[in-house]
């Protein structure tokens, strides 16, 4: 038995001896996401961080340069929270995380996903405010954040998203007034219902975060 | 004070005394009667016989009683009786059950350590009250520690370590005042710290390591046991902070608290324990600083605080601990630079600073002073600068890990001096330049990892000298050239990764032949060409084999078929052209195989169904023929089946519906037959592409069950029948719905309107008829550039939304009946089309117009009410008296500066009285209906009708307008049924604009009439019908 106790000391020694694994930054970012998420149905089973890149992982799509452009984890029974690493996916166009149990804040860093076309985070448990940084996503066409627990006001910066075609923040806990500029002139009222929003803003009359 | 309480205190004093007396009596009693050499020999023989035979005990024989004192392992006293039993490391195998303790009451030393004894320690051990030294260390003893140990009051050394002993009721134990050495280490003790130990005040050595003891460490350990020199609590579940009182253990030399749940800070004044030589605090939750007082521990040899949450800088005072040989600070959150004072640690052999946030450069002075180092671990930090040349002075180094930092510059050629090096990992830095040639002379190197740098140059033939090499990873650099033939000589090679470089040329033809352990090979993303070496897998050890994205040609090595351990295999993106029919065998661990983008021929073997771990089976874009084996339906884990762009024929096996596929691509083959309904069972499917085959029959409505589909492409087949409306249930569909170039007929199901995430829709080149459902305007994600309805038989107005109206002309071309406000389409009912009006079209227009109008009117009226409220009674009376014509004039001149209503459509009584009734709506509708028919505002007719009703006599010159003149002159005159319909609509419209509200029909009546399409029976020729004749229509 004495050799056994020596063995356990040896194991501790080995722990510090893990050589580096090879992967790229986008793979690292996604693997960091995997570590944050609880995945009872093994949707992320194929996400092997030792592979050259994440392009053969399921629910991840790359372009011809092996950059991740889609993340399709809608309806995947995952829970947990998102982290700042997602901001590393510089080429991401579609962030589809809808209908899960993901909570916590929407990371500010999503604002660095310059190529994002669609951000579907609806039907989750996101809380906190809608980050202003989303206004940096100039290619964004679809922004669906409905059915979460988001609070605060709708950032006025979002009115600069001239490509935005679909915007839905219904069924949250948002307050203040509804923007009317830019693409917001066209969104139907259903996109805003079931919040604490106090109606379309009357510019110059009421501050946009009225009632927050 | 009562008598009772006095009595109570009496008993508490008496109780231990009585116990002591009892012990004394017990020890006196049997001594005279039993302790003789004969009885001792008899007892020992009996015990020996209960054990498995041991050569150590060969001298133990009942026939040899006279020589008892010479029996192996026994020591006698002057009376000739046994006083010490020392049987250590004798392979004794059995129990203590048959050991008769009674004859050995004078024994002072009882050592059975390092044997194979099992079972419990008998409670009779408590009879041996003369015992001073007891060791059962390292046996297989079980059960609880008997409390009778409390009788052994003379014991100074008690070692029960390395057994399976369990927790007794410690409260039955007594202090053992002479005890200086105690070990219960490596047993199965649970619950809290054993209380009796706190009273063993002479303890110098205490080992409770490797149990499951929990709770906090009692303060008395520090205040009472002040003679402790060795304290080992490693690997328990102790928690809470470590008391600052620990410094009261001023004699402590060796403190081991690793692998517990201790938290809080490391006691600030730890430096006052000046005798400390070994401090182990690893694997706890200590936070905060490494106390600077640690510099006072000048005797310190070994400091291990790995795996905590320390977040300070490294105190420069640590440099005073000049005797340190082992320094482990890894896996904390330490920041800042490594203090220069650490150059004083000239004796350090192990240095672990990895997994922190340390930054700055590694000074050459460190390396020139740390010449005793055998292990240098700086990985996973933020270190910058060059690797100092002085690293070549550390000739005792066995291991160098600098990976995951930001080191720059080139690898110093002085690394070549490190002859003893077995592991070198510099990967994931910013190193550039060539790999120094001397590095290839490190013949003891087993692991060489340099991946993810910017290294250039070639691999020289000298690599063949590195016969110890097991792992070499040079991937993701800018290395180039051909591989030297000598690379085949690496007989211990297990893993070689060269992916993502610029290597070219052939792989040496005997590569693998001499490397039987080869399990990982990656040549991917280079420009290698030629054939794969036939003996590459001759050791049959291959697990991961990736050569994708090169220019390899020829067949696959035959040995692959017998590599049963294969897990991941990528041949995609080459020019392989062998026959794959029998290239693979049964590989139970194979989960990923891609042969995509080659020129493989042959058929898909049914044997693939035996590779039960497969998740990806990808053979797209080859020249594979034959049928898709139905056996594939047995692969329980298969998620991706890619067989597109081959020459596959036959039907799609319905067994594929049994799989749990995420992606199914069978496009661009020669597949025939119908799409199996079973594909509707693929509820996890995200992408389905069956395009460009020869599929026939209907689109199975079951596909509507694939609720996770993102992309569905059935284009370019011979599919018939209608588009199943169930496809509208695929609400996740976002990338593509392509049903184009089939023979689909019927109408476009309006259920498709539910596809609100769909961005691209193509149903062109079919036989679809009817209208594009107006509801499709809800498909808000469509792009104008990615909708295609062309070459069908579609008619009617396109949906009125930006997407449909901004679509290019090619989106609608080839449909003769479409109209609307889009490029290439005629405006519905416009002059240029010269198409016959149909009543249904008119009604289809008029009914929504009704609604819109109503809305406009309500807005107008609300504004009027609002304004009216601001007028005084007097003013409103004046308006009431005003002639109607004056109101019309007011459009320009009145003080109603911004009138929001549309007077031209407003009922006269509304304009007069501001009184809103539903008959006002009817009037407005009538005006619009007339305007539609006439192509202009019916102002003249309205005024003539109004005048007529007020004048007593008919005004023939206006009311006698012919209908045909009143109609839109840009259109051809209606004939036949159309004429009847036109007459009917005008009749209704005229009824709606009657002057007296009561004479107008209700809106409900109008709607009923229009939708029922009751035809007006033409009594006259159409050309002769006058307006006045049509005004007779009664409510």
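Residue numbers (UniProt numbering), protein chains in the order written: chain A, 1 to 212; chain B, 1 to 1035. We put the beta carbon where it would ideally sit given N, CA and C, even for glycine. These figures come from a predicted structure and were not determined experimentally.
Which residues mark the beginning and the end of the beta strand (DSSP E) in which residue i is found?
i	result
residue 181 (chain B)	181 to 183
residue 119 (chain A)	118 to 120
residue 396 (chain B)	Segment: none, residue 396 (chain B) is in no beta strand (DSSP E) and carries neither H nor E.
residue 48 (chain B)	Unbroken run through residue 48 (chain B) is the alpha helix (DSSP H), 37 to 50; no beta strand (DSSP E).
residue 194 (chain B)	Unbroken run through residue 194 (chain B): none, as it is neither H nor E.
residue 364 (chain B)	Counting along the chain, residue 364 (chain B) falls outside any beta strand (DSSP E), though it belongs to the alpha helix (DSSP H) covering 364 to 369.
residue 221 (chain B)	Run containing residue 221 (chain B): none in the beta strand (DSSP E); it sits in the alpha helix (DSSP H), 219 to 224.
residue 736 (chain B)	736 to 738
residue 408 (chain B)	No beta strand (DSSP E) holds residue 408 (chain B); DSSP gives it neither H nor E.
Any beta-carbon of chain B closer than 8 Å to the one on residue i?
i	result
residue 210 (chain A)	no
residue 74 (chain A)	yes
residue 114 (chain A)	no
residue 46 (chain A)	yes
residue 165 (chain A)	yes
residue 56 (chain A)	yes
residue 60 (chain A)	no
residue 184 (chain A)	no
residue 52 (chain A)	yes
Would a check of beta-carbon distances place residue i closer than 8 Å to chain A?
i	result
residue 369 (chain B)	no
residue 863 (chain B)	Because the pLDDT at residue 863 (chain B) is just 49, under 50, the model does not fix this residue reliably, and the value given afterwards should be weighed accordingly. It does not; no Cβ of chain A falls within 8 Å.
residue 710 (chain B)	yes
residue 1026 (chain B)	no
residue 1005 (chain B)	no
residue 134 (chain B)	no
residue 527 (chain B)	no
residue 157 (chain B)	no
Let's test the definition: count the other Cβ atoms within 10 Å of the Cβ of residue i and tell me whether it reaches 16, buried, or not, exposed.
i	result
residue 336 (chain B)	exposed
residue 491 (chain B)	exposed
residue 936 (chain B)	exposed
residue 718 (chain B)	exposed
residue 809 (chain B)	exposed
residue 759 (chain B)	buried
residue 663 (chain B)	buried
residue 471 (chain B)	buried
residue 919 (chain B)	buried
residue 189 (chain A)	exposed
residue 165 (chain A)	buried
In this structure, what does DSSP give as the bridge partners for residue i?
i	result
residue 140 (chain B)	B:118
residue 176 (chain A)	A:197
residue 110 (chain B)	B:85 and B:134
residue 70 (chain B)	Its beta-bridge partners do not exist; DSSP assigns none.
residue 357 (chain B)	B:335
residue 151 (chain A)	A:129 and A:173
What are the boundary residues of the alpha helix (DSSP H) that residue i is part of?
i	result
residue 168 (chain B)	Unbroken run through residue 168 (chain B): none, as it is neither H nor E.
residue 992 (chain B)	976 to 992
residue 263 (chain B)	Run containing residue 263 (chain B): none in the alpha helix (DSSP H); it sits in the beta strand (DSSP E), 261 to 265.
residue 925 (chain B)	918 to 934
residue 803 (chain B)	802 to 806
residue 31 (chain A)	25 to 36
residue 966 (chain B)	963 to 966
residue 1030 (chain B)	1027 to 1030
Assuming the contact rule is C-beta atoms closer than 8 Å, residue i and residue j should be a hit. Round their C-beta distance to whole Å, please.
i	j	result
residue 244 (chain B)	residue 269 (chain B)	6 Å
residue 132 (chain B)	residue 109 (chain B)	6 Å
residue 419 (chain B)	residue 448 (chain B)	At roughly 14 Å, the Cβ-Cβ gap does not stay under 8 Å, so residue 419 (chain B) and residue 448 (chain B) are not in contact.
residue 137 (chain B)	residue 114 (chain B)	7 Å
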